[in-house]
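Asker: Taking the working numbering, I'd label the letters of the sequence shown as residues 66 to 698.
Cβ atoms here follow ideal geometry from the backbone N, Cα and C, with glycine treated the same way.
On a predicted model such as this, the values are computed, not experimentally measured, just so you know.
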Amino acid sequence: MGKNIVEKILDKHIVDESKNEIGIKIDQTLTQDATGTAAYLEFESMGIKGIKTELSVSYVDHNTVQVGYENADDHEFLRTVAEKYNIFFSRPGNGICHQVHLERFARPGKTLIGSDSHTPTAGGIGSLAIGAGGLDVAVSMSGKPFYIPKPKVMKINLNGKLKDWASAKDVVLKVLEILTTKGNVGYIIEYGGDGIKNLSVPERATITNMGAETGVTSSVFPSDESTKEFMRMQNRENEWAELKADDDAKYDKIININLDEIEPMVACPHSPGNVKKVEEIEGMDVDQVLIGSCTNSSYHDLMIVSKILKNKKIPENVSFGIAPGSRQVLSMIAENGGLADMISAGARILESACGFCIGNSQSPRTNSVSLRTNNRNFLGRSGTKSANVYLVSPETAAVSALNGKLTDPRKFGNCPKIKMPESFLVDDSMIIKKKADVEIYRGPNIVSLPKNEPMPEGIKGKIMIKVGDLTTTDHIMPAGKLLKYRSNIVEYSKHVFEPVDQTFAERCLSNKGNLHNIIVGGLSYGQGSSREHAALCPMYLGVKAVIAKSIERIHKANLINFGILPLIFENDSDYDLIDKDDEIEIKDVKEKIKKNENIVLENITRNKKINLKYELSDRQKNILFAGGLLNMG
Ligand code: MIC
Ligand code: SF4
Numbered sequence: 066m067g068k069n070i071v072e073k074i075l076d077k078h079i080v081d082e083s084k085n086e087i088g089i090k091i092d093q094t095l096t097q098d099a100t101g102t103a104a105y106l107e108f109e110s111m112g113i114k115g116i117k118t119e120l121s122v123s124y125v126d127h128n129t130v131q132v133g134y135e136n137a138d139d140h141e142f143l144r145t146v147a148e149k150y151n152i153f154f155s156r157p158g159n160g161i162c163h164q165v166h167l168e169r170f171a172r173p174g175k176t177l178i179g180s181d182s183h184t185p186t187a188g189g190i191g192s193l194a195i196g197a198g199g200l201d202v203a204v205s206m207s208g209k210p211f212y213i214p215k216p217k218v219m220k221i222n223l224n225g226k227l228k229d230w231a232s233a234k235d236v237v238l239k240v241l242e243i244l245t246t247k248g249n250v251g252y253i254i255e256y257g258g259d260g261i262k263n264l265s266v267p268e269r270a271t272i273t274n275m276g277a278e279t280g281v282t283s284s285v286f287p288s289d290e291s292t293k294e295f296m297r298m299q300n301r302e303n304e305w306a307e308l309k310a311d312d313d314a315k316y317d318k319i320i321n322i323n324l325d326e327i328e329p330m331v332a333c334p335h336s337p338g339n340v341k342k343v344e345e346i347e348g349m350d351v352d353q354v355l356i357g358s359c360t361n362s363s364y365h366d367l368m369i370v371s372k373i374l375k376n377k378k379i380p381e382n383v384s385f386g387i388a389p390g391s392r393q394v395l396s397m398i399a400e401n402g403g404l405a406d407m408i409s410a411g412a413r414i415l416e417s418a419c420g421f422c423i424g425n426s427q428s429p430r431t432n433s434v435s436l437r438t439n440n441r442n443f444l445g446r447s448g449t450k451s452a453n454v455y456l457v458s459p460e461t462a463a464v465s466a467l468n469g470k471l472t473d474p475r476k477f478g479n480c481p482k483i484k485m486p487e488s489f490l491v492d493d494s495m496i497i498k499k500k501a502d503v504e505i506y507r508g509p510n511i512v513s514l515p516k517n518e519p520m521p522e523g524i525k526g527k528i529m530i531k532v533g534d535l536t537t538t539d540h541i542m543p544a545g546k547l548l549k550y551r552s553n554i555v556e557y558s559k560h561v562f563e564p565v566d567q568t569f570a571e572r573c574l575s576n577k578g579n580l581h582n583i584i585v586g587g588l589s590y591g592q593g594s595s596r597e598h599a600a601l602c603p604m605y606l607g608v609k610a611v612i613a614k615s616i617e618r619i620h621k622a623n624l625i626n627f628g629i630l631p632l633i634f635e636n637d638s639d640y641d642l643i644d645k646d647d648e649i650e651i652k653d654v655k656e657k658i659k660k661n662e663n664i665v666l667e668n669i670t671r672n673k674k675i676n677l678k679y680e681l682s683d684r685q686k687n688i689l690f691a692g693g694l695l696n697m698g
């Protein structure tokens with residue numbers, strides 16, 4: 066029987082298999098600074114001499130604002146860790162991890178995990194690239210397998226050809242409109258169809274990048290002539306390998322999208338799944354426009370923008386910023402004059418980093434409308450809770466910036482055609498690869514990680530918070546200006562659930578030791594980022610279980626890694642039988658899980674019984690019993 070691409074890659078990488086999960090060998094890892102500090106502290110605590118992967122890269126891209134000493138401390142810690150353990154170190158200024166990895170390291174047919182949910186960007190080149198918590202990345206660097214739920218494969222056929230002004234971003238927004246941000250856990254998307262030959266690797270990467278918002282494990286494209294051409298332009302043709310599905314390959318689900326019918330799209334506040342056509346809501350005034358992020362900041366994206374802006378000026382009431390995705394892109398547009406056209410139009414040129422996307426710079430003004438090319442518009446993520454953030458393509462962003470209003474770019478006139486250069490400008494001098502037995506730098510912001518106790522026999526505690534559907538890790542563990550505490554868990558923990566309830570952390574700490582703290586969530590709890598701090602910090606606050614209607618893959622794995630029990634309501638409607646401040650008890654929970662028996666929660670306050678379920682492999686049960694992976698030696 067024929068095989069699909071996912072099966073072909075997995076066949077070469079599966080090293081362990083149980084009823085509901087597979088363990089895969091990981092060829093490459095990546096970390097970024099905001100998740101990397103914890104990941105390397107965890108790696109150090111494993112006492113391993115050096116990495117066992119083919120390639121591991123540590124990027125510094127998320128927090129480069131350096132207000133206070135904390136970021137600089139983190140950067141130096143990361144630089145010295147990389148040197149000690151033989152890890153590539155991509156210096157601040159070299160670009161956003163996913164963009165640089167695609168340009169310089171990602172390879173067709175290889176497995177990659179990264180401590181960042183947008184790691185599937187590398188699926189654009191045919192790598193099976195998966196986002197994970199930092200601890201899972203640390204484990205993979207030590208040569209042990211990485212576990213995912215047994216995947217189901219969804220084929221999305223892209224047929225036909227995009228019309229002028231429709232772009233890869235509009236394609237992935239269409240995918241989000243179809244799949245929404247919930248209900249896709251466990252799937253890997255494989256792209257195919259006759260239209261993909263017309264899509265370049267960076268366009269494919271925009272599509273696989275934002276697949277993360279659907280909740281799928283990864284998204285992957287075949288590796289074909291277009292892939293070969295991109296790799297040749299990066300001077301990496303020798304790393305190319307063909308990757309294609311067999312004609313009779315089987316899929317669990319098939320979706321067909323006609324590229325000819327794709328129109329400019331927009332994701333409205335406050336979810337990337339809240340998709341409309343631009344023409345449906347155009348005309349709205351925009352106060353801020355930001356172009357960049359790992360979704361849309363390739364050479365082609367920025368050249369289109371520069372052509373749209375050429376000889377034009379941005380209106381005085383629009384704040385307009387552009388962050389090129391990598392130093393390669395920035396250098397190339399600087400050399401060919403594209404950058405000068407942007408500056409002349411009134412753009413503020415921002416560092417090649419995540420910056421605005423994670424809300425630690427460029428927060429928009431109160432009650433404003435911000436139009437952005439990144440991938441997430443969760444409430445408050447921009448740093449301004451009253452702002453409304455809309456996600457669009459670079460073309461829509463640039464045309465709208467010029468008009469001061471959300472505008473369908475088709476109104477602009479002729480669509481600029483970008484002639485790609487003969488090759489990309491390759492200069493890896495900001496990527497350091499050195500191995501020496503250096504002493505690791507630890508400034509006062511590098512605080513060692515707290516540990517958990519083994520799982521209690523029974524849970525007796527209190528519901529400390531009850532949140533609704535689609536609660537993201539940005540709600541649980543906000544980033545933005547707090548990013549500088551990523552390597553200081555005690556400090557960072559004070560801010561858990563801050564956007565939702567400012568008293569949560571304090572209340573939890575006062576219970577800790579007497580009562581077990583419990584979180585109740587709705588559908589798709591923990592969607593969004595891979596930040597393990599959304600589990601690590603609640604663990605530090607004494608949270609023992611999360612009970613929800615459903616929990617997203619990466620967050621569930623993080624909860625288990627830090628010894629927090631992920632439980633699911635057997636009946637969704639039982640969510641209504643439990644509320645904040647209720648006292649609850651789950652008797653003999655450990656024994657029941659050991660024996661695979663049903664779990665019943667007693668709501669003591671309301672005198673109600675609620676049936677709960679769980680899906681845990683033996684491996685995951687053992688991690689939970691130990692109180693987390695770090696306790697397992
Ligand atoms: C994000 O886009 O939400 C982040 C910031 O890149 C996160 C990682 C983090 O929180 O450090 C992600 O996507 O995993
Ligand atoms: Fe950085 Fe934004 Fe991409 Fe996350 S989504 S890696 S914050 S650019």
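How many Å lie between F154 and A171 at the Cα?
Answerer: Approximately 15 Å, taken between the alpha carbons.
Asker: Once DSSP output is grouped into helix, strand and coil, what is the label at D81?
Answerer: Of the three classes helix, strand and coil, the one that applies to D81 here is strand, per DSSP.
Asker: Identify the continuous beta strand (DSSP E) that holds Y734 and give its terminal residues.
Answerer: Nothing about residue 734 can be read from this structure; the chain reaches only from 66 to 698.
Asker: Mind checking whether the beta-carbon of A544 lies closer than 7 Å to any heavy atom of ligand 1?
Answerer: Under cutoff, so the answer is yes.
Asker: With a floor of 4 residues, list each alpha helix (DSSP H) that falls wholly inside the segment 176-230, ordered by position along the chain.
Answerer: DSSP runs (the alpha helix (DSSP H)) wholly in the segment 176-230: 199-206.
Asker: Mapping DSSP to helix, strand and coil, what is M330?
Answerer: In this structure, M330 counts as strand in the three-state DSSP scheme.
Asker: Using three-state DSSP, classify I40 as helix, strand or coil.
Answerer: Beyond the ends of the chain as shown, which are 66 and 698, falls residue 40; an answer cannot be given.
Asker: State yes or no: is the C-beta of N69 nearer than 7 Å to some heavy atom of ligand 2?
Answerer: Answer for N69: no, Cβ out of range of ligand 2.
Asker: Relative to the C-alpha of T536, which residue among F286, S391, P564 and T568 is closest?
Answerer: Among F286, S391, P564 and T568, the Cα nearest to that of T536 belongs to P564.
Asker: Taking the Cβ atom as the reference point for each residue, do Y316 and V218 lie within a distance shorter than 8 Å?
Answerer: In this structure, V218 lies closer than 8 Å to Y316 by Cβ.
Asker: Taking only the alpha-carbon atoms, compute the straight-line gap between N130 and G420 and give it to the nearest angstrom.
Answerer: In the sequence as displayed, the identity of residue 130 is Val instead of Asn. The straight-line gap from Cα to Cα measures roughly 8 Å.
Asker: Is DSSP giving I379 helix, strand or coil here?
Answerer: Correct three-state label for I379: coil.
Asker: Based on the DSSP secondary-structure assignment, which residues constitute the bridge partners of Y590?
Answerer: Partner(s): I616.
Asker: Using 8 Å as the threshold, is the segment 235-247 in touch with the segment 299-314, meaning 3 or more CB pairs across them?
Answerer: Output reads no: the segment 299-314 does not touch the segment 235-247.
Asker: Give a yes or no on whether 8 Å exceeds the smallest Cβ distance from R684 to chain B.
Answerer: In the structure shown, chain B does not exist; there is a single protein chain.
Asker: With a Cβ-Cβ cutoff of 8 Å, do I583 and K673 count as a contact?
Answerer: Going by C-beta atoms, I583 is not nearer than 8 Å to K673.
Asker: CB of N439 to nearest heavy atom of ligand 2: below 7 Å?
Answerer: Yes - ligand 2 has a heavy atom lying nearer than 7 Å to the Cβ of N439.
Asker: Going by the CB atoms, is the gap between I221 and Y252 shorter than 8 Å?
Answerer: It is not a contact, given that the beta carbons lie outside the stated cut-off.
Asker: Determine the direct distance from the alpha carbon of K476 to that of L324, and round the result to whole angstroms.
Answerer: Near 20 Å, if we compare the C-alpha coordinates of K476 and L324.
Asker: Using CA coordinates, which residue listed in G692, Q393 and T282 is at the minimum distance from Q299?
Answerer: Residue Q393 is the option with its Cα nearest to Q299.
Asker: Provide the residue(s) that pair with T94 in DSSP beta bridges, ordered along the chain.
Answerer: DSSP output for T94 lists S121 and I178 as bridge partner(s).
Asker: By a C-beta neighbour count over all protein chains shown, 10 Å radius and 16 as the cutoff for buried, is R430 buried or exposed?
Answerer: Per the 10 Å Cβ criterion, exposed.
Asker: Counting only runs of 4+ residues fully inside the segment 461-519, write out the alpha helix (DSSP H) ranges in chain order.
Answerer: Fully enclosed alpha helix (DSSP H) runs of 4 or longer: not present.
Asker: How big is the Cα-Cα spacing for L264 and I629?
Answerer: When rounded, the distance between both Cα atoms is 42 Å.
Asker: Return the CA-CA distance between A463 and A613, expressed in angstroms with no decimal places.
Answerer: Using only the alpha carbons, I get a separation of about 41 Å.
Asker: Counting only the same chain and skipping the five closest in sequence on each side, list residues whose C-beta sits under 7 Å from that of H140.
Answerer: Counting only Cβ-Cβ distances below 7 Å, and skipping sequence neighbours, we find D98, V125 and P157.
Asker: Count Cβ pairs between the segment 465-475 and the segment 328-346 that sit closer than 8 Å; are there 3 or more?
Answerer: Contact between the segment 465-475 and the segment 328-346 is present, because at least three Cβ pairs lie under 8 Å.
Asker: Look at the Cβ atom of M111, then the Cβ atom of S207, and state whether they are nearer than 8 Å.
Answerer: A contact, by the Cβ cut-off of 8 Å.
Asker: Tell me whether T100 counts as near ligand 1, meaning its Cβ is closer than 7 Å to at least one heavy atom of that ligand.
Answerer: The answer is yes for T100.
Asker: On the CB-based measure, 16 or more other CB atoms within 10 Å of its CB, does M697 come out buried or exposed?
Answerer: It is exposed - the Cβ of M697 has fewer than 16 other Cβ atoms within 10 Å.
Asker: Let me check one thing: in DSSP terms, what residues is Q353 bridge-paired to?
Answerer: Answer is S384 and S435, bridged to Q353.
Asker: Taking DSSP as the reference, what is the three-state secondary structure of T536?
Answerer: Looking at T536 - three-state DSSP - the assignment turns out to be coil, as it is neither helix nor strand.
Asker: Check whether the Cβ atoms of F443 and D539 sit closer than 8 Å, and answer yes or no.
Answerer: Contact: yes.
Asker: Going straight from the alpha carbon of K678 to that of I530, what length do you get?
Answerer: Approximately 20 Å between the Cα atoms of the pair.
Asker: Using a 10 Å radius around the Cβ and a threshold of 16 neighbouring Cβ atoms, would you call M485 buried or exposed?
Answerer: The residue in question, M485, is exposed, as its Cβ has fewer than 16 Cβ neighbours within 10 Å.
Asker: Using a threshold of 7 Å, is the CB atom of S433 nearer than that to any non-hydrogen atom of ligand 3?
Answerer: Although ligand 3 was asked about, the structure shown includes only ligand 1 and ligand 2 as ligands.
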